[in-house]
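Oh and the sequence shown: position 53 is 55 in the numbering used here, straight run, nothing missing.
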Amino acid sequence: MFHRMKLSSVDLNLLVALEALLREGSVTKAGLSMGLSTPAMSHALARLRTQLDDPLLVRAGRGMVLTPRAVALRPRLQALLSEVGAVLSPARTFEPARLERTFRIHATDHVLTVLGTALDRLVRREAPAVTLQFLPNSPDDGALLREGSIDLAVGVYVDLPPELRTRKLFTDRFVCVVRRDHPTVGRTLTLEQFLALEHLQVAPRGRPGGYVDTVLAVRNQRRRVARAVPYFLAGLQLVEGADYVLTISERVAKAVAPRLKLKLLPPPLPLEPYTLTLLWHPREDADPAHRWLRDAFVRAARAAAP
């Protein structure tokens, strides 16, 4: 409180006058540089002498010279006024090309497979010094955003904390994937076949079960999940080598299927489309760098649209 009270009594205009006096070494010249009359500048010098308990400028022949205290103050005062000017000036126009910053982002390989290439190309072109660190999603994404441990998260979210900001990136839907030469599945997949097959599930957060199992439970049915893996690409590679069925993102499957011996089939269940959402904390709303990155995600999603 003491420091705050002392600062509240400081007249910034006096500091500007002091800088002019120390720079010019003359009351008259300092007044001219500030657009003040000589009497007004003399009055400012008198106030400064009282405030600092130092004469600051003393007569030497026909001119004036700085006291040792004034000489010591000059560089510090110039730096101080420069910093004050920077604080009180409007922010510089944001230029992504000049940005050097690391962003930590929670996302699955689902997101990176769909829009990773488009996002990478965009960031390299517009902000080559930016670093993007992608980490797996967590059940605590909302809390991690709130505490500032991560900058963005992308995923399918329900029951989010109300203060968080969201923006839709893209909508996806489910397809069933089997290997191309599957012995029992042809051009269609019936519900009976679906239930009889062993299933491979992608569980990014390590918890088997999910939307498909919920839909089946409503119908008093269940499937056997023989394998659960954390990554979409790993799931697709395993399906290529065995007689599993994998219910997965259509966008991911279409992106990877041409490189693997797979076939995509409509699910024999009424599975709803779902939305992947960009998530951030509202304290980042006005940050131009953060705003640019959010926009980059949106543009990358648009570029990757089927």
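Here a beta-carbon is modelled for each residue, glycine too, at the ideal position from N, C-alpha and C.
- Listed as beta-bridge partners of Thr173 by DSSP are Thr277.
- If you compare the alpha carbons of Asp143, Leu114, Arg49 with that of Ser251, the shortest gap goes to Leu114.
- By the criterion of a C-beta distance shorter than 7 Å, Gly144 is surrounded in its chain by Leu162, Pro163, Leu166, once the five residues flanking it on both sides are discounted.
- For Arg225, the closest of Arg189, Gly243, Ala198 by C-alpha to C-alpha distance is Ala198.
- Within the region 181 to 219, complete beta strand (DSSP E) segments of at least 3 residues are found at 200 to 204, given in chain order.
- Here Leu117 is near Ala302, since their CB atoms are less than 8 Å apart.
- The beta carbon of Leu134 lies closer than 7 Å to those of Phe105, Ile107, Val125 in the same chain, with the five residues before and after it left out.
- Annotation note: the region 247 to 291 contains the following uninterrupted beta strand (DSSP E) runs of length 3 or greater, listed N- to C-terminal: 247 to 251, 264 to 267, 276 to 282.
- Counting along the chain, Ala129 sits inside no beta strand (DSSP E), nor does DSSP assign it H or E at all.
- The Cβ atoms of Ala228 and Leu262 do not sit closer than 8 Å to each other.
- Collapsing the DSSP output to three states places Leu68 in a strand.
- Taking a cut-off of 8 Å for Cβ pairs, the region 166 to 182 and the region 238 to 245 touch, as three or more such pairs fall below it.
- With respect to Phe299, Asp111 sits apart: the two C-beta atoms are not nearer than 8 Å.
- With fewer than 16 other Cβ atoms from the protein chains shown falling within 10 Å of its own Cβ, Gly150 counts as exposed.
- Its chain contains Asp245 as the residues whose beta carbon lies nearer than 7 Å to that of Pro185, once the 5 sequence neighbours on both sides are disregarded; these appear in chain order.
- For Ala228, the uninterrupted beta strand (DSSP E) run begins and ends at 226 to 231, by DSSP.
- Beta-bridge partners assigned by DSSP to Ala62: Gly65.
- Here Thr104 is bridged, per DSSP, to Thr133.
- The shortest CA-to-CA distance from Leu273 to any of Arg100, Tyr213, Gln80, Thr40 is the one to Tyr213.
- By the Cβ rule, the region 32 to 43 does not count as touching the region 72 to 79, because fewer than three pairs are nearer than 8 Å.
- Annotation: the continuous beta strand (DSSP E) that includes Val156 extends over 154 to 157.
- By the Cβ neighbour-count rule, Ala62 is exposed, with fewer than 16 other Cβ atoms within 10 Å of its own.
- Residue range 40 to 54 is occupied by the alpha helix (DSSP H) that includes Ala42.
- Distance from the Cα of Ala22 is smallest, within the candidate group Thr52, Asp56, Arg64, Pro77, for Pro77.
- Val60 and Lys31 have their alpha carbons spaced roughly 15 Å apart.
- By the neighbour-count criterion, in which a residue is buried when 16 or more other Cβ atoms sit within 10 angstroms of its Cβ, Pro98 is buried.
- Counting along the chain, Gln223 sits inside no alpha helix (DSSP H), nor does DSSP assign it H or E at all.
- In the displayed model, Val160 falls within coil according to three-state DSSP, outside both helix and strand.
- Here Arg167 carries a strand assignment [DSSP, helix/strand/coil].
- In this structure Leu154 is in contact with Leu280, their Cβ atoms being roughly 6 Å apart against a cut-off of 8 Å.
- Contact between Ala307 and Phe172 is confirmed by a C-beta separation of about 7 Å, below the 8 Å threshold.
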